[in-house]
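Data first, discussion second: the structure below is written as structure tokens.
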Amino acid sequence: ILGGRVSRPGRWPWQCSLQSEPSGHICGCVLIGKKWALTVAHCFEGRESADVWKVVLGINNLDHPSEHTQTRGVASVTLHQRYSRAVVDYDISVLELDREVEITSYVRPVCLPRPGQLPMPDTYCYITGWGHVGNRMPYKLQEGEVRLISLAQCQSYFDMKTITSRMVCAGYESGTVDSCMGDSGGPLVCREGDGRWRLYGLTSWGSVCFSKVLGPGVYANVTHFTSWIQQQIYLRTYNLD
Amino acid sequence: CTSNSCPTGCQGNAPCDGHNATCSRCEPISLELCLNMPYNNTIFPNFLGHRSQRESSVSWEANLFPALVQTSCYRYLMFFACTLLVPKCDPLTNQRVPPCRSLCRSSKERCESVLGIVGLPWPEDTDCAQFPEDGGDTSCLLPDPDVDECSPSHFTCRSGRCVLATKRCDSHMDCEDDSDEENCGCVERGLWECPGDKACITHSMICDGFPDCSLKEDESNCSVCNDNELECNNHECVHRTLWCDGKKHCSDSSDEWDCVSLSNSSSSSSLSVSRSGGEYQVCVDGWTPQLSELTCTQLGLGLPASIKEVEESGVGRRRWLHVHQEWHQRNGSALQGVLEKRSHACASRKHVALECGSEDCGRRPAVRLVKR
């Protein structure tokens, strides 16, 4: 996260780290149920096999796991059938954990939006992750406040890339607060009126965040995929896929 | 790869992917800008130091070169840019094939000054001396005289300038000659027009199981099923009696989607289960708390809050499903898989109504307050 700040442990209990040896943290992910997490499809390019991955939850400092940390293997990875590497479209995947997590103050799921339910542009939301902060990769989870941007306005920042309805943009023209390499798959969450946090985006792509080319970040539009996510979980749970 | 040298398994000197300490290999080009190159495979790191196509696609250069193409400073600039961004991979040696020095020099001579006008530098790492001379010992790339400057995801203006395909026919003039707003019918553009919203979609999107028109016309009339069959989401036909029986018959499993619902039409939420394309009530005889839990979990809701047995009102003729006598043995089945049709009606004449909680989500632990 560029322009963010270190997050307090437990503040984002749905944030998880998708890791694979020998590199460790590769992408962010988001807990949406006791046995289910979301991340983006591009994290699995070249590494689609579930058994090379693990999901670490309840962690703040990647270098110092605490007693609140829970680690799970990955039982299955479901990439969206329409995922396109070329335009990074349909950039979403569902992770099935090898066993349920224990719900604690530090590990608990975020709410999914209803299909098509998206806050208005200019709503302020939060992004989190262990991605690049501009001069280094941080150990501690970072958080940043970003503003949702309409698709039309977002397209104007990316003259040579296609912004589709499967994407949602958030950030600032100046790129002051933005997600960055290593944040992919992590959450863009907005607080609802009832105090609950709902997942609207998964960090997907953007400009080279610490270069001169700035602009907002582009996130997978979770509300577009709500039904798809529910179907994948249902099919896997009842062995119907 | 920490030393930037390669393990012996990489056949000595193939480029090394510093990310995962394995040998770099030829991979298909996915960079939107360069899909029109006369070769299909690339290898990383590229000549600009990017370690992956993803890094390349969001790089400063990937933004700079297409913008520069619009100035028409050099006809083969985009070809040159792509040889840097996604270098050709020789499948035999897993080695990058560089652009020829003359191509690099021509690009730089003609376009560097244009960049200078707006105060931007020519990209680093493009010292032409690093590339081989044409016709030398080392093979290098030169453009085909009739190479297409714009990639398939871009529209070529009459002037030759490339603009993003999504900007074509968007009612805004993007080409200086307005050619992006001419001939805007879907048919003229080789696309299919959605009857309702008049959006243009590619022919490959028709009947592919994903609705792309706002009124879903692209997914209608895709198959002709018999009267005793129902249409799967992917347009296969499956016999009605197999629909919502707990087993997959459509190859995409869509015969088992949305089989269970709670209707809020009455004061309590009656459980309704689809079977053979029709809606059924569930007889309470043999119903257990475990089945209530299965129902609420399957619906993506929390644990059951209340279970009611609702007396049949006697109005209309109800259809019933009954709990299978050996439902315990059908472990891991969805609710519709443990219910069955019987020839007789429900003995108790009561159907199941449920209230499910909502799954606890999206709450952060309360911040602890301490005395100061």
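Each protein sequence line maps, in turn, to chains A and B.
Heads up: the first sequence begins at 2 in my numbering, then just goes up one per residue.
Heads up: the second sequence begins at 21 in my numbering, then just goes up one per residue.
Virtual Cβ for every residue (Gly too), placed ideally from N, Cα, C.
Scan the segment 82 to 97 of chain A for residues whose Cβ lies nearer than 7 angstroms to a Cβ of chain B and list them as they occur along the chain. 83, 86, 87 and 88
Cutting at 6 angstroms between CB atoms, please list the residues of its own chain near residue 206 of chain A, excluding the five before and the five after it. 89 and 219
Go ahead and pull the three-state DSSP assignment for residue 89 of chain B. helix
Contacting positions in the segment 63 to 74 of chain B - beta carbon closer than 9 angstroms to chain A: 72, 73 and 74
Alpha carbon of residue 146 of chain B to alpha carbon of residue 102 of chain B, nearest angstrom: 13 angstroms
Hey, would you say residue 119 of chain B sits closer than 8 angstroms to residue 151 of chain B, going by beta carbons? yes
What residues are listed by DSSP as bridge partners for residue 62 of chain B? B:47 and B:108
Under 9 angstroms from the C-beta of residue 119 of chain A: neighbouring residues of chain B: Those do not exist, as residue 119 of chain A stays about 16 angstroms from chain B at its closest Cβ, beyond 9 angstroms.
Could you tell me the alpha carbon to alpha carbon distance between residue 155 of chain B and residue 114 of chain B, rounded to whole angstroms? 21 angstroms
The segment 169 to 188 of chain B: which residues have C-beta closer than 9 angstroms to a C-beta of chain A, in chain order? 173, 174, 182, 183, 184, 185, 186 and 187
Rounded straight-line distance, which links the Cα of residue 355 of chain B to that of residue 315 of chain B: 6 angstroms
Taking the straight line between their C-alpha atoms, what separation do you get for residue 38 of chain B and residue 105 of chain B? Note on residue 38 of chain B: pLDDT 45, under 50, position unreliable in the model; no value is reported.
Proximal residues to residue 92 of chain B (C-beta, below 8 angstroms), its chain only, five neighbours per side dropped: 179, 180 and 181
Report the option in B:170, B:177, B:208 and B:185 whose CA atom is closest to the CA atom of residue 156 of chain A. B:185
Against chain A, does residue 208 of chain B count as a neighbour if the rule is that its beta carbon must be under 8 angstroms from one of theirs? no
Is residue 45 of chain B near the ligand MG, judged by its Cβ being under 7 angstroms from some heavy atom? This structure lacks the ligand MG, and indeed carries no ligand of any kind.
Cβ separation of residue 116 of chain B and residue 109 of chain B, assumed to be a contact under 8 angstroms, to the nearest whole Å: 7 angstroms
According to the Cβ coordinates, are residue 145 of chain A and residue 2 of chain A closer than 8 angstroms? yes
Taking a contact to mean a Cβ-Cβ separation below 8 angstroms, would you say residue 169 of chain A touches residue 119 of chain A in this structure? yes
Residues of chain B with CB closer than 7 angstroms to the CB of residue 111 of chain A, please, in chain order. 381 and 382
In this structure, does DSSP put residue 261 of chain B in helix, strand or coil? helix
Starting from the C-beta of residue 41 of chain A, find all residues in its chain whose C-beta is less than 8 angstroms away, skip the five residues before and the five after it, and write them out in chain order. 28, 92, 93, 94, 185, 186, 203, 204, 205 and 221
Enclosing alpha helix (DSSP H) for residue 110 of chain A [first to last residue]: Run containing residue 110 of chain A: none; DSSP gives neither H nor E here.
Count the CB pairs spanning the segment 273 to 283 of chain B and the segment 242 to 249 of chain B that are closer than 8 angstroms, and state whether there are at least three. no
Which residues, in chain order, does the segment 314 to 339 of chain B contribute to contact with chain A at a C-beta distance below 9 angstroms? 317, 318 and 320
Close beta carbons around residue 85 of chain B, own chain, < 7 angstroms, minus the five adjacent residues each side: 97, 98 and 101
Would you kindly check if the distance between the Cβ of residue 59 of chain A and the Cβ of residue 107 of chain A is under 8 angstroms? yes
When the Cα atoms are used, what is the spatial distance from residue 154 of chain A to residue 268 of chain B? 44 angstroms
Residue interval of the beta strand (DSSP E) (run including residue 326 of chain B): 324 to 331
Just checking: is the beta-carbon of residue 385 of chain B within a distance shorter than 8 angstroms of some beta-carbon in chain A? yes
Residue 137 of chain B lies in the alpha helix (DSSP H); which residues open and close that run? 121 to 137
Proximity test, Cβ basis, 8 angstroms: residue 241 of chain A and chain B: yes
Would you check if the segment 55 to 75 of chain A and the segment 230 to 238 of chain A touch, i.e. whether three or more CB-CB distances between them fall below 8 angstroms? no
Less than 8 angstroms between C-beta atoms, sequence neighbours within five positions excluded: which residues of the same chain meet that for residue 382 of chain B? none
Where residue 206 of chain A meets chain B, residues with beta-carbon distance less than 7 angstroms: 78
Put residue 225 of chain B into one of helix, strand or coil per three-state DSSP. helix
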